[in-house]
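Shown next, in structure tokens, is the structure this report addresses.
Residue numbers (full-length UniProt numbering), protein chains in the order written: chain X, 1 to 369; chain R, 1 to 369; chain Z, 1 to 369; chain A, 1 to 369.
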């Protein structure tokens, strides 16, 4: 994986028609590993337990991710303050540490580092453009000092706040991606996906799409509407998708936040690697070229994206050395009926059982907000 | 967590009435992290990617595990040879590296190191006591050189092979635990759980029980039968349980090996942390004092065991600093209906949905072997 | 229930704002009673086993139906011929016998008789307006001779054929209702529900709507679209709905014909009486005033419609003497926990289990035609 | 079906090795038809609506039942009094009318009439042998006057009360069958199925078994235990089974009375005709020769029993003229994928969906009594 010479930038790759594989969800994976608290989901582990964050970066790298997103979710000072979780650690310290970790691992594999910022409580409380932009500007300064490769503004429920973020970030001269956590119905104010996409593009984003909140099926629907909106407006940007790794077919506009299982009992909704093959293919077919994951995506889910799109990308990820495509490594199993599963058709058509006969297959979501 | 003076040994702890929390499942967790190949499940990552194994050890430590099991599953030369996965790496190298990793992390937390050995293909092929014992002896030598604290012979489908393993291991003078991967119907030859337990105790095991293959509910049934058998025979040993972290209510004698989802689509069967509270309590109530997990147990599952039994143990694990008991950290969530989930009753009574309406809740297992 | 004087006609009732309760599904109920063959579903039992047909009429009457539909489903000569089921019995004989049975029972309760005709194989084979109309004309002649009160043209997949039927039937001077078995996507040629409704109204139907093929939820969606289309076109007719009594949430355009369970294993999809309360209320709220059922509606389902709408109608059906509203008769049960079910909230919020853990909750329907 | 000469009696048939098909459940079928009130389930419809009872008898006859059970469930004076449902109608009137109806239809088909009596509230209240036997004696007198062919004492939760019933009934000189509504755990006092069967046989019953309360799978388990008990005791009687037509896999000792769905939302638990084929075959293979149904058995379920056992019995029931074996009549369907269902394998392996994704597959039963 050692790359000679200068790495290609994100836009160079996308403009050149490459498929870029994103990484998976850090906060939820690290919650399960014992380093993040569910609720505020703040990233102080970048300072407190760098080895855990570094290892997760490495696993996503090994799985085939072309980008290391800095572990800086909800890392604005206002959010950290509210969380009551960070003690004397400052937002700046976390952002710096997170940049260093992402860069360290990125360098091991020739991948890019994306500085990630997300929505702020300040927006909801004040809706003051000045205050909110100041918060983003402060984060931007750290990222610029650490020379990240590009930016991702993600997990925005209001397109307006995302626009502000993009406006701040593009001032850096670096490429900016922007993904909203919205449903096919649109953002929190029901601005349609098409209009959201056009506004983000006009604000300066080079990559536009959706992350978190809903499953791939639903995320694909929303991005399709974004695509249609962009085409209708004659605006050209790259499409991104980083959805949940959980099945949420019954979710309404409010996304998985409205599920009874959120956030501490989502296990039986987890998607398989085979579900990810399907998602990767459908995303590719829709024209999305930045394809990653969010909460629920573990390293092997990212590997499945890279394996599905290996024909297009021309190579398998390093982690595939410990994985047979479509279960082919099972050929060595001692039990004949397990051996027989070493093929694509088996896994592609399997309808996995939950082992929970007293549980429903769909929940009744909380009313959407 | 820094401990002064000499660590208490496993038997000292158990004889003193302490609850010992085991660690979780290494091979399946590392498969999902990209370091183990499903099928033969061999542990060469101890040599190839020590950082990944070390990190998982740390997470189990942080979750409250009192024991680091060496990452030496299926690490006998015959099995490694068949797997075709290890290239020029020898079993001895893996066993050594695994001992070092377990010891390194154990020292960070004052926990014990258990040298783990498991069933061999040699037994099935030859059923030669001499040959099989020789294989165990070879592993024993490495473990003794590395001065592990005690032994666990685990994942044996035939009580006879487990007896041989125990006989070899007790020759070391170290305490030996022995767990079978059997159903309430007994071992592969339908030797009853009660008889199995008595035989293992008579062979010299100080701790006897069940691991892998079936879910906690089923594991508890089998251990209950072991307990009855031991009592009937007037034999006294400690009870151990390290079951699957997957719901397998419909499994027959063959365990999860007979499920259509095994091994690459088990996601929707994954148990929640709340299921683990229930398991820990029931195991404790049954008199089991070595309570851990096997495949499917991620660090947060182990933490749930430690949290449930914190009143008995007198302390919470380090990882609980990033977790509110029974979801109490959700009190800080911005959404009112998520806030309301910050209580035990909510999570204890929740019936989580799978999000998979086209899938059944129980599979039709393959006929048992 | 004996009524003095002249019965009010169907339009008098609907124009006067009354709610008219339709009857349930004859062919499927009589299949289960042993008198109809699944497949061609022809009504020769009107001649062969009049007592069985009469009894089912009586049960629907007793359940509160205001209309007895003649048991003349698929009773055109071309369909009867293809079925190979009727031997020497002619279509005319069946139509006559069916009219007599409906009239006999209608007279016991002061209800109306609706002569029912349905789609013909001739339409699919020839699409000859002349031939198809001739078939309808032949049925019309019998119905006129027997002096039925009004007509229902039902179970048409193509709006064109339904238009032809309406055109023939209105020539009689009797009121005509027309219901299509279509999805919200429209008829077989994807003519939209709104356009279908307008065309049927223009052809002369006084009541327009949907029957069979999909469940109440879906039927309500389609009728809502019909209503919108009618309003947009400024056309005024009454709305009708007689949906399936089976849950079919996953069905596509092809309706329950595309389900794996169709037609001989639909049991676990059967709706409860409580589901019917919900349906009746929603249909009423949408402005539908002819509310009945089709396949899967047993007498107690019709009774539930009449019970839900008793406040609007001003009376309970005769069959309610053997039924407590919302389970109130359970107050007399000897078991305390059954007694406690004698209330609306219990039944309204119950999520009934299937007792079939190896079965999915949604099937994969056959591709739509 | 007209039979010449004297009908063979029940014991003549069973002793001769014939398979006797019982009829289905009257009270629940008639509740859905509008003639019985759920809760006390009393049979006053025999007097009030004889046509409805007669028609259901006919349908069971047509389905292949060899026995018409009198519609006299819970028809003891004490139960009728408590029910508050019968007004001025006396138990004697109902019993007489029910005998007449059963005889009338039996004569149409050459079948036998079984006088049916069931458990009394008097037993639970007084446990006075004298009083309880007096109640049975009073019913016996009507049955003897109407010259029924044999007796069935059914739906007894306590073997003691059933013994008393048998003792009274055998005094008539007619053959007596006795079925308990118990689980594999035994009767209400946990008298084992084996002991129950032996006691009933010793009391004079010639046929012994189980009815109602649990599904065929469970009923078969209980009868198997009865059989083992009888064999161990060296007692020879015929075995009977008339289970529920609902799937109740999760039920405990208390049977379907403990299900949340009991009694007014059991729809999705209903068994298919194909389930009944399986049940009939398993019952036959276990050596049961009186095979029928109870609550939930509609006429077509009984027909399925008769069709499955047609090879053994040598004939199909009359109702099969409207049914192709294993769906063969679907060969005439116009849709190609429905045509393809005209075979045994399709229906035998189908796993029918419920269409209810928000409902579980197993309920949590009320604690057993």
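Each residue gets a CB set at the ideal place from its N, CA and C atoms; glycine is no exception. These figures come from a predicted structure and were not determined experimentally.
Mind checking residue i: buried by the 16 CB within 10 Å criterion, or exposed?
| i | result |
| --- | --- |
| residue 87 (chain X) | exposed |
| residue 371 (chain X) | Because chain X is modelled from 1 through 369, residue 371 (chain X) falls outside the range shown and cannot be assessed. |
| residue 189 (chain X) | exposed |
| residue 187 (chain R) | buried |
| residue 322 (chain R) | buried |
| residue 126 (chain A) | exposed |
| residue 154 (chain A) | buried |
| residue 344 (chain X) | exposed |
| residue 320 (chain Z) | buried |
| residue 315 (chain A) | exposed |
| residue 17 (chain A) | exposed |
| residue 287 (chain X) | exposed |
| residue 285 (chain R) | exposed |
| residue 365 (chain R) | buried |
Contact criterion: CB-CB distance below 8 Å. Does residue i meet it with respect to chain A?
| i | result |
| --- | --- |
| residue 171 (chain X) | no |
| residue 361 (chain R) | yes |
| residue 364 (chain X) | yes |
| residue 220 (chain R) | no |
| residue 370 (chain Z) | For chain Z, the structure presents residues 1 to 369; residue 370 (chain Z) sits outside this window and is missing. |
| residue 351 (chain R) | yes |
| residue 252 (chain Z) | no |
Since residue i sits in a beta bridge, which residues does DSSP pair it with?
| i | result |
| --- | --- |
| residue 290 (chain X) | X:20, X:240 |
| residue 69 (chain A) | A:114 |
| residue 270 (chain R) | R:246 |
| residue 186 (chain X) | X:183 |
| residue 360 (chain A) | X:360 |
Should residue i be flagged as near chain Z, meaning a C-beta pair shorter than 8 Å?
| i | result |
| --- | --- |
| residue 82 (chain R) | no |
| residue 2 (chain A) | In this prediction, residue 2 (chain A) has a pLDDT of 40, which is less than 50 and means its spatial position is unreliable; nothing more can be read from the coordinates. |
| residue 65 (chain A) | no |
| residue 267 (chain A) | yes |
Can a CB atom of chain X be found closer than 8 Å to the CB of residue i?
| i | result |
| --- | --- |
| residue 336 (chain A) | no |
| residue 260 (chain A) | no |
| residue 357 (chain A) | yes |
At a Cβ threshold of 8 Å, is residue i touching chain R?
| i | result |
| --- | --- |
| residue 126 (chain X) | no |
Are the region 22–37 of chain R and the region 66–75 of chain R touching by the rule of at least three beta carbon pairs closer than 8 Å?
yes
Those runs of the alpha helix (DSSP H) which lie wholly inside the region 303–355 of chain X and span at least 4 residues:
310–313, 336–339, 344–349
Taking the runs of the alpha helix (DSSP H) that are 4 residues or longer, which of them lie wholly in the region 199–260 of chain R?
Correct list: 216–233.
Continuous alpha helix (DSSP H) assignments of at least 4 residues falling wholly in the region 77–152 of chain A:
Fully enclosed alpha helix (DSSP H) runs of 4 or longer: 77–83, 91–109, 121–126, 129–145.
Threshold first: 3 residues or longer. Then list the beta strand (DSSP E) segments lying entirely within the region 152–181 of chain A, N to C.
176–180
Tell me, please, whether the region 293–300 of chain Z touches the region 236–244 of chain Z by the rule of three or more beta-carbon pairs shorter than 8 Å.
yes
Does the region 170–180 of chain Z come into contact with the region 199–217 of chain Z, if we say contact requires no fewer than three beta-carbon pairs (one atom in each stretch) closer than 8 Å?
The region 170–180 of chain Z vs the region 199–217 of chain Z: in contact.
Given 8 Å, three or more beta-carbon pairs between the region 224–243 of chain X and the region 33–50 of chain X
Contact annotation: the region 224–243 of chain X does not touch the region 33–50 of chain X, with fewer than three C-beta pairs closer than 8 Å.
At least 3 beta-carbon pairs within less than 8 Å: the region 141–155 of chain R vs the region 117–132 of chain R
yes
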